[in-house]
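Residue numbers (full-length UniProt numbering): 1 to 230.
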């Protein structure tokens, strides 16, 4: 299993870039207003993403593929199902054949709850992604890193102004602490006149994600890794 996870991570890292509009954000019907605000906040960090139709409860891989097709996506999906007001999950899926990872969302602070001064600034891609050294460890963590990078990063060759011309304006950090992934989003603020040292100002949202399982396929398939909290 460790060898399979390592091979999957290496394959994703070496894969060709996908189309810039290939990411689709999907939710289940019946999510709460707070969960809906979180989806909106995460979507704001992904300005090239498309929002698909709401999926029914217990939606499987076939429904996910259909929703991505209708949204004119294809290669990547971020799926946020919720069972109760305080129970939400986050799937990162590489379509059509996987792999995929499921997290339990255990701590949520929406942009409105964080109330940071820079929260209203529009995100312009690409975002600078930062991963701590823990993601270099176990094979399943390397695979999770590649799925996070494929979801939140802008593929090479996508449209828009190159960061070399105007610099990064948004940064997203991922830290793996206490067997959880801690996500924070920042604006990159330059000094007066665009000179001097850049400063990171947090914008929100804040998420804490517990990895539960990594699967070979989209939402199903053989497990590459299963966590203790699954």
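Cβ coordinates follow ideal geometry from the N, Cα and C atoms, glycine included.
{"Asked": "Beta-carbon separation (whole angstroms), residue 28 vs residue 82, contact threshold 8 Å", "Found": "6 Å"}
{"Asked": "Cβ-based burial, residue 169 [other Cβ within 10 Å; buried from 16]", "Found": "buried"}
{"Asked": "CB of residue 149 within 8 Å of CB of residue 129, strictly", "Found": "yes"}
{"Asked": "Inter-stretch contact (C-beta, 8 Å, three-pair minimum) for the segment 194-209 and the segment 104-113", "Found": "yes"}
{"Asked": "Opposing strand residues paired with residue 127 [DSSP bridges]", "Found": "Note: residue 127 sits in no beta bridge, so no partner."}
{"Asked": "Cβ-based burial, residue 99 [other Cβ within 10 Å; buried from 16]", "Found": "buried"}
{"Asked": "Straight-line gap, residue 145 to residue 176 (C-alpha atoms, nearest Å)", "Found": "10 Å"}
{"Asked": "Cβ shell of residue 7 (< 8 Å), same chain only, five flanking positions each side left out", "Found": "none"}
{"Asked": "Coil, strand or helix - residue 61 by DSSP", "Found": "helix"}
{"Asked": "Check: residue 101 C-beta below 7 Å from any heavy atom of the ligand FAD", "Found": "Although the ligand FAD was asked about, the structure shown includes no ligands whatsoever."}
{"Asked": "Residue 162 classed as buried or exposed, judged by whether at least 16 other C-beta atoms fall within 10 angstroms", "Found": "Model confidence at residue 162 stands at a pLDDT of 46, short of 50, so the residue's coordinates are unreliable; what they give is reported in the following sentence. With fewer than 16 Cβ atoms within 10 Å of its Cβ, residue 162 is classed as exposed."}
{"Asked": "Beta-carbon separation (whole angstroms), residue 231 vs residue 172, contact threshold 8 Å", "Found": "Absent from the structure is residue 231, since the part of the chain shown begins at 1 and ends at 230."}
{"Asked": "Residue closest to residue 59, alpha-carbon to alpha-carbon, out of 104, 116, 91, 48", "Found": "91"}
{"Asked": "In chain order, each alpha helix (DSSP H) run of at least 4 residues that lies wholly inside the segment 80-150", "Found": "111-114"}
{"Asked": "Nonlocal neighbours in the same chain, by C-beta distance under 6 Å from residue 179, ignoring five residues either side", "Found": "none"}
{"Asked": "Own chain partners of residue 165 with C-beta closer than 7 Å, once the 5 adjacent residues on each side are dropped", "Found": "Because the pLDDT of residue 165 is 47, which lies under 50, any placement of that residue in the model is unreliable, and the number read from its coordinates should be weighed accordingly. Taken in chain order, the list of residues that qualify is empty."}
{"Asked": "Best match in 24, 183, 85, 49 for proximity to residue 55 [C-alpha to C-alpha]", "Found": "24"}
{"Asked": "Outcome for residue 97 when other beta-carbon atoms lying within 10 angstroms are tallied against a minimum of 16", "Found": "exposed"}
{"Asked": "Buried or exposed by the 16-neighbour rule on C-beta atoms within 10 Å, applied to residue 70", "Found": "exposed"}
{"Asked": "Simplified DSSP assignment, three categories, for residue 228", "Found": "coil"}
{"Asked": "Residue 133 to residue 88 span [Cα, whole Å]", "Found": "27 Å"}
{"Asked": "Distance, residue 26 Cα to residue 68 Cα", "Found": "8 Å"}
{"Asked": "Assigned exposure category for residue 245 - 16 Cβ within 10 Å defines buried", "Found": "The question about residue 245 has no answer here: the residues shown for the chain are numbered 1 through 230."}
{"Asked": "Cβ neighbour criterion (16 or more within 10 Å) applied to residue 84", "Found": "exposed"}
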